[in-house]
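Peer 1: First the structure, which I've put down as structure tokens, then a few questions once you've had a look.
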Ligand SMILES: [Zn+2]
């Protein structure tokens, strides 16, 4: 009898002390994992502080940091073209790690050119969907922590709902004729779909064929017709090509954190609110 009690105590002790090691390929997913997983997860953020989303690929340093992770969180939707190789590395490691594409929990939104916009984090509703998926996975890993995980998920979901409400309210005042959001790459289509804006991405329509005068002329004419006054670039990047297009239609250039990599912005909420402010300002200026 004493032996059974001792075993029960030991087992209980092991379960209490258990955390899940989660590696993440995007800072916003790292933050989500910390908030939903709380003290029950150990999050390893693999994305380097000054990395660029579309150029980053994990190297030896990141792979070493991710060792012994049970989960490797990825954005999915094609953001990480190296996922197949990564999956192979971690499926054969000891213990094996599972690569989870949280973007699979989010419906596709197409760009005006007909490809899938992978930047799903730009709509808080999508962050909520992904957080639900993550919570299910964590509950599966730590069934005894189910209640705590659900309670943290509810707090996170509430914060995302609040952002959706704020954005709907703030953008109500933008008149129909000004509801075009022009960005340098097709990164705000989820945002536009959620908040009833019309996205135009310069890359894909004109930037790739910078030398093609006809397509640049067509683009400029469309931007003029739509009364565009601001063109948005990724934070801290401002290609001369876009400056030229902006000045040719008498528009200004603004910045958005479209890729979700904003080291100075500590939370998703801070990033989203900065983006929202910049969009409202750019679409309502005369
Ligand atoms: Zn991007």
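Numbering (our numbering), first residue to last: 559 to 844. All C-beta atoms in this analysis are idealised placements derived from N, C-alpha and C, irrespective of residue type, glycine included.
Could you work out which residue in 744, 668, 632 is closest to residue 661 when comparing CA atoms only?
Peer 2: 632
Peer 1: Going straight from the alpha carbon of residue 644 to that of residue 618, what length do you get?
Peer 2: 12 angstroms
Peer 1: Could you tell me if the beta carbon of residue 817 falls within a distance shorter than 7 angstroms of some heavy atom in ligand 1?
Peer 2: yes
Peer 1: Between residue 581 and residue 795, what straight-line distance do the alpha-carbon atoms span, to the nearest angstrom?
Peer 2: 28 angstroms
Peer 1: Whole angstroms is fine: what's the gap from residue 576's alpha carbon to residue 600's?
Peer 2: 10 angstroms
Peer 1: Can you tell me whether DSSP reads residue 748 as helix, strand or coil?
Peer 2: helix
Peer 1: Tell me, please, which residues DSSP counts as bridged to residue 757.
Peer 2: 739
Peer 1: Which residue's Cα is closest to the Cα of residue 733: 776, 784, 771, 717?
Peer 2: 784
Peer 1: Any chance you could list the alpha helix (DSSP H) runs of at least 4 consecutive residues sitting entirely within the region 604-650, in chain order?
Peer 2: 618-624, 641-649
Peer 1: Along the chain, where does the alpha helix (DSSP H) that runs through residue 828 open and close?
Peer 2: Counted as a single uninterrupted DSSP element, the alpha helix (DSSP H) harbouring residue 828 occupies residues 826-842.
Peer 1: Taking C-alpha atoms, which residue in 663, 705, 755 lies nearest to residue 736?
Peer 2: 755
Peer 1: Taking all protein chains shown into account, decide if residue 766 is buried (16 or more other Cβ within 10 angstroms of its Cβ) or exposed.
Peer 2: Because the pLDDT at residue 766 is just 48, under 50, the model does not fix this residue reliably, and the value given afterwards should be weighed accordingly. Within a 10 Å sphere around the beta-carbon of residue 766 sit fewer than 16 other beta-carbons, which makes this residue exposed.
Peer 1: From the DSSP output, which residues share a beta bridge with residue 674?
Peer 2: 668.
Peer 1: Over the uninterrupted alpha helix (DSSP H) stretch that includes residue 785, give me the two end residues.
Peer 2: Per DSSP, residue 785 belongs to no alpha helix (DSSP H) and is neither H nor E.
Peer 1: Identify which residue in 622, 759, 647, 703 has its Cα closest to the Cα of residue 594.
Peer 2: 703
Peer 1: Would DSSP call residue 795 helix, strand or coil?
Peer 2: Three-state DSSP puts residue 795 in coil, outside helix and strand.
Peer 1: For residue 871, is the beta carbon positioned less than 7 angstroms from some heavy atom of ligand 1?
Peer 2: Because the chain spans 559 through 844 in this model, residue 871 falls outside it and cannot be assessed.
Peer 1: In angstroms with no decimal places, state the Cα-to-Cα distance between residue 610 and residue 749.
Peer 2: Approximately 21 angstroms between the Cα atoms of the pair.
Peer 1: DSSP three-state label for residue 577, please.
Peer 2: Note: residue 577 maps to coil in three-state DSSP.
Peer 1: Provide the residue(s) that pair with residue 656 in DSSP beta bridges, ordered along the chain.
Peer 2: 629
Peer 1: Can you have a look at residue 806 and say buried or exposed, based on whether 16 or more other CB atoms are within 10 angstroms of its CB?
Peer 2: exposed
Peer 1: Can you tell me where the beta strand (DSSP E) with residue 583 in it begins and where it stops?
Peer 2: For residue 583, no beta strand (DSSP E) run applies, since DSSP gives it neither H nor E.
Peer 1: Which term fits residue 825, buried or exposed, when burial requires 16 or more other beta carbons within 10 angstroms of its beta carbon?
Peer 2: exposed
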